[in-house]
Amino acid sequence: MNDVLIVQLSLEECCQATHLSVETLIELVEHGIVEPQGPEPRHWRFDSEALSVLRHAARLRRELELDWAATALALDLLAEVKTLRAENQRLRRRLERFTD
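If you use the numbering used here, the sequence shown corresponds to residues 147 to 246, in order.
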């Protein structure tokens, strides 16, 4: 049996794990970069996926010197590229059946 560990971090724990301030993390939520569970900051919970996205966003901002709005756009575009590449690969496999 495979056991799945689901990690849920509070706002403060997430800030410690990502080295981001509370204000910055709230700003990232406002930009839609991550969507925590919970109605307000003191009840927010972040999963491992959100943690990964936050680290990626911080790295993009730092390395490319982007503001958070541009970082959100870059993340959206990267996700779209990933989706399109997967679709392209799937369509190529289907096409191969007709060309062989």
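Note that the Cβ used here is the ideal one computed from N, Cα and C, for glycine as well.
- Inter-segment contact for the region 228-235 and the region 199-217 is absent: fewer than three beta-carbon pairs are separated by less than 8 Å.
- Annotation note: the region 166-203 contains the following uninterrupted alpha helix (DSSP H) runs of length 4 or greater, listed N- to C-terminal: 168-176.
- Nearest neighbour of L155 by Cα position, chosen from E181, E176, R236, turns out to be E181.
- Comparing alpha carbon positions, the residue from L157, I152, L166 closest to E186 is L157.
- Secondary structure of L212 (DSSP, three-state): coil.
- The beta carbon of G178 lies closer than 7 Å to those of A218 in the same chain, with the five residues before and after it left out.
- If you draw a straight line from the Cα of R239 to the Cα of E195, it comes to about 29 Å.
- By the Cβ-count criterion, F244 is exposed, with fewer than 16 other Cβ atoms from all chains shown falling within 10 Å of its own Cβ.
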